[in-house]
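A.B. asks:
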Amino acid sequence: MNCSQCFGGFMRAPQSILRGIDFPLPRITIPEYFRDCLIKNTIKNSAPAILGDGHQVAYTFQQLDSLATKMGKALRKYLGYWTSNNQDGDLVMAFCLPVSQMIPVVILSILKLGAAYLSIPLSHDLIIVKLIAIVRPMLVITESCGPALSRFDSVRHLVNVVGIDEILKLAESGEFDDMNEVVPLETLVKTHKRVACIVYTAGTRDEQQGVRIGHGEILNRCLWQYQTFPYKQNEVASLCSALEDVDSISEIFAPLLAGIPIYLIPKHDLEKPLNLIQKIHKKQISRIVFVPPALNSLLNAYEEMHERSKLVRPLGSLKHWIITGDSLKLELAKRFFNFLEQEKASANSLFPAHHHTLPMLIHYYGSTEVTGDVSYEIFDDITQIDSKFNQGNVSIGRPIANTIIYIVDDEMNLAEEGAQGEICIAGSPVAFGGYINGTTTENTKRFCVNPFTKKTGYTCMFMTGDYGRIIENKDGISHLHYEGRTDLTAKIKGRRIDLKDITQIVQGTNLVEQCFVFCYHREREDQTLVACCKLLPDVSIDKLEEVLRKEIVNEHIIPEVYPVDEFHYLASGRLDRHKLLKQYQYFRMDTTKEEWESLHLSPPQMEAAKVLFKSVAYFTRKSLRYVIRNKESPLWCIGVNSLNAVGIFLNLQEHSYEMHMEQFLTAKSLINLVNIMVSESGTKIRDTRSTLEDFAMKRFKIASLEEKDKDTVIQLLCNAYINKYEAGSLISLKKEDWNLLLEWNWKDIVTSKLSLVALTRKPPEEAKIVAAVIVFDACNIYYGRIPSKCLKPLSYLREIKKFCDAGPREHIVGKSKGTVIQIALMGTSSSVSTMDNILLISLMLEAAIVGAKNMGYSGAMTTTSNPLQLNLCEGVFHFDLIKEVQINQFRSKDKTKPFRMASDHQKLHVLYRRL
Numbered sequence: 016m017n018c019s020q021c022f023g024g025f026m027r028a029p030q031s032i033l034r035g036i037d038f039p040l041p042r043i044t045i046p047e048y049f050r051d052c053l054i055k056n057t058i059k060n061s062a063p064a065i066l067g068d069g070h071q072v073a074y075t076f077q078q079l080d081s082l083a084t085k086m087g088k089a090l091r092k093y094l095g096y097w098t099s100n101n102q103d104g105d106l107v108m109a110f111c112l113p114v115s116q117m118i119p120v121v122i123l124s125i126l127k128l129g130a131a132y133l134s135i136p137l138s139h140d141l142i143i144v145k146l147i148a149i150v151r152p153m154l155v156i157t158e159s160c161g162p163a164l165s166r167f168d169s170v171r172h173l174v175n176v177v178g179i180d181e182i183l184k185l186a187e188s189g190e191f192d193d194m195n196e197v198v199p200l201e202t203l204v205k206t207h208k209r210v211a212c213i214v215y216t217a218g219t220r221d222e223q224q225g226v227r228i229g230h231g232e233i234l235n236r237c238l239w240q241y242q243t244f245p246y247k248q249n250e251v252a253s254l255c256s257a258l259e260d261v262d263s264i265s266e267i268f269a270p271l272l273a274g275i276p277i278y279l280i281p282k283h284d285l286e287k288p289l290n291l292i293q294k295i296h297k298k299q300i301s302r303i304v305f306v307p308p309a310l311n312s313l314l315n316a317y318e319e320m321h322e323r324s325k326l327v328r329p330l331g332s333l334k335h336w337i338i339t340g341d342s343l344k345l346e347l348a349k350r351f352f353n354f355l356e357q358e359k360a361s362a363n364s365l366f367p368a369h370h371h372t373l374p375m376l377i378h379y380y381g382s383t384e385v386t387g388d389v390s391y392e393i394f395d396d397i398t399q400i401d402s403k404f405n406q407g408n409v410s411i412g413r414p415i416a417n418t419i420i421y422i423v424d425d426e427m428n429l430a431e432e433g434a435q436g437e438i439c440i441a442g443s444p445v446a447f448g449g450y451i452n453g454t455t456t457e458n459t460k461r462f463c464v465n466p467f468t469k470k471t472g473y474t475c476m477f478m479t480g481d482y483g484r485i486i487e488n489k490d491g492i493s494h495l496h497y498e499g500r501t502d503l504t505a506k507i508k509g510r511r512i513d514l515k516d517i518t519q520i521v522q523g524t525n526l527v528e529q530c531f532v533f534c535y536h537r538e539r540e541d542q543t544l545v546a547c548c549k550l551l552p553d554v555s556i557d558k559l560e561e562v563l564r565k566e567i568v569n570e571h572i573i574p575e576v577y578p579v580d581e582f583h584y585l586a587s588g589r590l591d592r593h594k595l596l597k598q599y600q601y602f603r604m605d606t607t608k609e610e611w612e613s614l615h616l617s618p619p620q621m622e623a624a625k626v627l628f629k630s631v632a633y634f635t636r637k638s639l640r641y642v643i644r645n646k647e648s649p650l651w652c653i654g655v656n657s658l659n660a661v662g663i664f665l666n667l668q669e670h671s672y673e674m675h676m677e678q679f680l681t682a683k684s685l686i687n688l689v690n691i692m693v694s695e696s697g698t699k700i701r702d703t704r705s706t707l708e709d710f711a712m713k714r715f716k717i718a719s720l721e722e723k724d725k726d727t728v729i730q731l732l733c734n735a736y737i738n739k740y741e742a743g744s745l746i747s748l749k750k751e752d753w754n755l756l757l758e759w760n761w762k763d764i765v766t767s768k769l770s771l772v773a774l775t776r777k778p779p780e781e782a783k784i785v786a787a788v789i790v791f792d793a794c795n796i797y798y799g800r801i802p803s804k805c806l807k808p809l810s811y812l813r814e815i816k817k818f819c820d821a822g823p824r825e826h827i828v829g830k831s832k833g834t835v836i837q838i839a840l841m842g843t844s845s846s847v848s849t850m851d852n853i854l855l856i857s858l859m860l861e862a863a864i865v866g867a868k869n870m871g872y873s874g875a876m877t878t879t880s881n882p883l884q885l886n887l888c889e890g891v892f893h894f895d896l897i898k899e900v901q902i903n904q905f906r907s908k909d910k911t912k913p914f915r916m917a918s919d920h921q922k923l924h925v926l927y928r929r930l
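Add 15 to a position in the sequence shown, counting from 1, and you land on the number used in the numbering used here.
1. Since V272 contacts F49 with CB under 8 Å, what's their CB separation in whole angstroms?
2. Which residues share a DSSP beta bridge with I717?
3. Can you check DSSP and say which residues form a bridge with V527?
4. Between the Cα of L883 and the Cα atoms of K817, T727, L665, which residue gives the shortest distance?
5. Is the beta carbon of S747 closer than 8 Å to that of A430?
6. On the criterion of 16 or more Cβ atoms from any shown chain inside 10 Å, does G442 qualify as buried, or is it exposed?
7. Count the C-beta pairs between the stretch 419-436 and the stretch 31-48 that are closer than 8 Å, then say yes if the count reaches three, no if not.
8. Skipping 5 residues on each side, what residues in its chain have a beta carbon closer than 7 Å to that of G822?
9. Bridge partners for W336 per DSSP, in chain order?
10. How about I264 and T386: are their beta carbons less than 8 Å apart?
11. For a minimum of 3 consecutive residues, which ranges assigned as the beta strand (DSSP E) are wholly contained in the stretch 815-884?
12. Less than 6 Å between C-beta atoms, sequence neighbours within five positions excluded: which residues of the same chain meet that for W753?
13. I'd like to check one pair, A446 with R227: are the Cβ atoms closer than 8 Å?
14. Measuring CA to CA, which of G381, F582, A632 is closest to R603?
15. Please go through the same chain and pick out, in chain order, the residues whose beta-carbon is closer than 6 Å to the beta-carbon of S493, but skip the five residues on each side of it.
16. Decide if the stretch 868-878 is in contact with the stretch 827-834; the criterion is three or more beta carbon pairs, one per stretch, under 8 Å apart.
17. Three or more C-beta pairs closer than 8 Å, one from the stretch 191-210 and one from the stretch 157-176: is that the case here?
18. Taking only runs of the beta strand (DSSP E) that begin and end inside the stretch 211-268, which ones reach a length of at least 3 residues, in chain order?
19. Quick check on the DSSP output: the alpha helix (DSSP H) that includes A742 runs from which residue to which?
20. Span of the beta strand (DSSP E) holding F582?
21. Below 8 Å CB to CB, which residues in the same chain sit around M916 once its five sequence neighbours on both sides are set aside?
22. Quick check on P41: does DSSP put it in helix, strand or coil?
23. Have a look at V930 and D792 and give me their C-alpha separation to the nearest angstrom.
24. Are there 16 or more other CB atoms within 10 angstroms of the CB of V464, so buried, or fewer, so exposed?
25. Please list the segments of the alpha helix (DSSP H) lying wholly inside the stretch 127-177, counting only runs of 4 or more residues, in order along the chain.
26. Taking the beta strand (DSSP E) that Q435 belongs to, which residues open and close that run?
27. Since Q78 is in the beta strand (DSSP E), which residue starts that stretch and which ends it?
28. For G442, which residues does DSSP report across the bridge?
29. Which value, in whole angstroms, describes the spacing of the CA atoms of K922 and C530?
30. Under 8 Å, do L79 and P119 count as touching if we go by C-beta distance?
31. I need the straight-line Cα distance from N569 to S648, nearest angstrom please.
32. Whose CA, out of G104, S124, D51, lies closest to the CA of V204?
33. Roughly how many whole angstroms lie between the Cα atoms of T543 and L503?
34. Have a look at Q357, D395, G407, S382 and flag the residue whose alpha-carbon is nearest the alpha-carbon of K344.
35. For the putative contact between V155 and A109, defined by C-beta atoms under 8 Å, what is the C-beta separation to the nearest angstrom?
36. Specify, as a first and last residue, the run of the beta strand (DSSP E) that L483 falls within.
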C-alpha cells in the first residue's frame, strides 16, 4: 500500500522517518585505514598530500605518514610514565597552533598513538584555563616561541606543555627511523572504540559542551562522501573551517583518506574575500565549505574583483560549493545561481562551452553531536530552487549513509509526514561517547535511547533541538525541511511565538541597525523576551521602547530592549549567542553604587526606591537596570499589568510601606510612587480589601445577573476566556465551546441569584456591563453538564475540573446544598484598562463573598490558573490553597496529556475560605 497503512479499519498517515542507505563500516581506526590505503596503493605514496603556500608540495602521502609515525613515537617518549586524569578515561592530547601544513601531521600522530585530539583556539587565556581544567589532556603542543608557551603558565600544574619544535627535533633525531608503526598507549579500550577527537559545540544554543567523537563516526562520514560525491582526478580540497569546528574533521580526513591533496587556507586569507578568491584560483581548489554569510561576502568580493581584475575564470575550478553551519536562505540561493548564469553568459566566462562539469550547490545539515553532517540537499540549477523551498524554509534533503532521521512531537511520538516536530538523529553519525565528563549516551537529555528501533547501530538517538518536517517534493521523493530552532521560539501564555516575528517588528521600526531577540530563562516562570539591539545614532532606548509598545498589541510579548555596541561572531560566521547571553546576564546583575546615586534621592527615598525597583524587576521579569532606566515612567509602561500589580503592592506592604491601593494604581511614575511610599510611611491604612472596594465603588456598581443580560454576559465571558485562559488555548477551546458551557448552565446561573455583573457608574440608560462573575452552589457541578460524548476540548476541560475538585469536594463541600459556593467563571471586558481590570476582579470577588454570606453560605471555593485572581484570593481575601495541579502532567482517560505543551510553572490552584 503506497504512502499509507491500514490500521484498525482506518488509513494511517505515513510517519516522519527518513532512512539513509546501509553499508558496513570497517572496525578499524583512521590511521589503520590510512595505512591500509597506502599499502594497497589506493593512495599513491608519491602523490601530494599537503600543499604549501607557494607552488611546492609540503608533504607527499608517504612523507605525511612517515613524519606522523615519528612524531607519534616522539610524543610517546616525551610522555614517559604517563597518567590520564580525564574523567571519561579518554587519552587526550591537545594542540594550540595556527593553521599550517603541520596540522594534519600533528593530528595523525596523536591518532596513531591511540589518543584523541583537542584543538584549543588561539584566544583568551581564560578559555585555555577552562578547557584544560575540564578536559584534562595529558599534553598540550603549542608554538615554541616564548609568548605562546607562557600562555599556559597558569595550567602547568595540570598538564605538560611542549613546543612543537622540540617534538619535531626529537622525531627527526634518527632514533625513530625504523619502519615499525607507533605502539598505541595502553588502555582497556580497544583502539577502534576509542574517542578520536573532542570538539566543542559552538555554544549558540546552550553552554558549550565537549563532544566525544569516535573513529567510526568519522569513517562513516568519509565513506559516504566517496559514494555520493566521489573525488575526481586532479581535484584539490581545502580547509576553511576553524580547527575547533566540527566541519574541519571532514574537510581534513575526507580528502586525505581518498588520496586527494589538501590546502589549508590561512586565517588572514579567509578574513579577506578578495585574497580567498586569489588562493582558490592559484591552488585550483575544487571544493570549499562556506557558512552562508561567507558565501555572500565572497560573491560581493567577486563582483568587485570582476570589474577590475584580468584574472580569467578565478573561480572556475570550484565544482562543489558547500553550505553548512546555518540555514541557506532563498535570496542567497537565487543570488548564487544568478551569479553562475551571468558568468556563463559573459565574455570572461567561468564555464567555456566545452566544460561539461558544472558547479553544484550542496547544503549540509547537522551539528557537532552528529559529527557535522547528517543530511544533504543538492541544487544543480536555478530551476530547482522553488521546488526545494517550502514557505521560505530550505530543504535539507536526505540522510547520509547509516542514518535515520525522525520527526517527533512533544510526547516523543513519531509525527505524521508533513507535520512539524523536532528533528532527531540515530545511526553511525551520532557521537557514541556523548558529552564529556561522564555524560554518556544513556544519561544526557539530548542523547537518549532510540525508542523506535532496536537495530544494532541505531540504538542511540540525538535530539537536535531543531524544528523540521518531512515533505514530498515535486520530484516525488520525501525531503527534510528545516524550520528553525526550538530556542528561537518561546511559549507565551500557552501560545508558541516565533521570535523571528518579534525581530522583524523591532527591525521594522527603522530605529535599529541590527537586532536579535531571544527568550531569557526559557520555559521558566520568570522567562522574559529580550531584544538585543544596536541602535542607530541619536536613537534612545526610551524612544524604541515607546514605539514597540505601540507596534506590539500583546503586552506579554513586548521585549525588554538591551542595547549593545556591537555583535560578536564565531569563526564560522554565526552570531555568538552564548557571548550575548553572558553579556545580558551581567547586565541583569545588581546595579552599581554609581547607578543608584544617579537617582539623586534622600536616604529614606533611596531605601524605598530599592524596595520598589527590585520588586518591579522581580514581578515583571525585567532587569533592575531596565527599571531604573524607566524611573520616570508609570507602572503600566514598564511591564506591570493586572497579573503582577497586586503582587508588587503586597510585597511593598510586607516591607512596611503602607498606602491606599488608589495611590499605588494611579501613581504617575516610579519616582512619584517612591515619594508616596516615603510620605505615607507610618500612616495607619485600612486593610487592602477595604481600600480596593472603596476605590472600585467610585468607578463601578454591582448588580445581580438577570435573564436580560444573557447575550452580553455570554459574549463578554467567551471573549475573556478565549483571550486570557492559557490552559484553554492548549487544548484548542473555541469561543463556541465556552458558549455551549454557559448555555447548558444558564438556567441555574440565573435562578441561583449568586452570579453578578459590574456596570460602569453612569445613568441607567448609559451604564454598560464591563465584568461578570458566575457563581454556583458547589453541590451543583457545572462542568458535569458537559456531555461525556462531546468534542475533545470540552471533554478535557470536564476531566481536569473534575480531577481538581475531587478531594476538596469530598471533604469540604459534602452533599448539603447551601453551604459552599463555587466561584466558577470570572471575566472583564476587553475595553477596560489594566487598572480597572484589577479593580473589577477584586470588586466581583468581594461582592460574591458578601452576597453568599448574606444568603447563609459558610464557605467559598474557586479553581484558577489566573495569577491576578490567585494573588487577590490569597493575599487580599485570605483564601487557603488546598490543592495544586501541574497541568502538563495531567493524563486524561484516553491516556494522553492534553496540556503537555504547558510550562512546568503553569498550575491550577484550588482555593477555599470560610465566610
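Don't be surprised by glycine CBs; every beta carbon is placed ideally from N, CA and C.
C.D. replies: By the coordinates alone:
1. Here the sequence assigns Leu to residue 272, which means Val is not the residue at that position. Contact flag correct, Cβ pair sits at about 6 Å.
2. When DSSP reads this structure, I717 sits in a beta bridge with A773.
3. L550
4. L665
5. No, Cβ-Cβ distance for A430 and S747 is not below 8 Å.
6. buried
7. When Cβ pairs closer than 8 Å are counted between the two stretches, the stretch 419-436 is seen to touch the stretch 31-48, the count reaching three or more.
8. K898
9. DSSP links W336 through a beta bridge to I303, L376.
10. yes
11. 835-843, 874-879
12. C733, Y736
13. yes
14. A632
15. I485, E487
16. yes
17. no
18. 225-229, 252-254
19. Run containing A742: 741-745, per the alpha helix (DSSP H) assignment.
20. Neither: F582 is in no beta strand (DSSP E) and is coded neither H nor E.
21. D425, K506, G509, R511, L745, N903
22. coil
23. Note on identity: in this sequence residue 930 is Leu, with Val being the wrong assignment. If you take the alpha carbons of L930 and D792, they lie about 14 Å apart.
24. exposed
25. 140-150, 161-165
26. Careful: Q435 lies outside any beta strand (DSSP E) and carries neither H nor E.
27. Here Q78 belongs to no beta strand (DSSP E); instead the alpha helix (DSSP H) covers 76-94.
28. T418
29. Distance between the alpha carbons of K922 and C530: 34 Å.
30. yes
31. 19 Å
32. G104
33. Their Cα atoms are separated by approximately 13 Å.
34. G407
35. Their Cβ separation, rounded to whole angstroms, is 5 Å, which keeps V155 and A109 in contact under 8 Å.
36. It should be noted that the sequence gives Gly, not Leu, for residue 483. Segment 475-487, the beta strand (DSSP E) holding G483.
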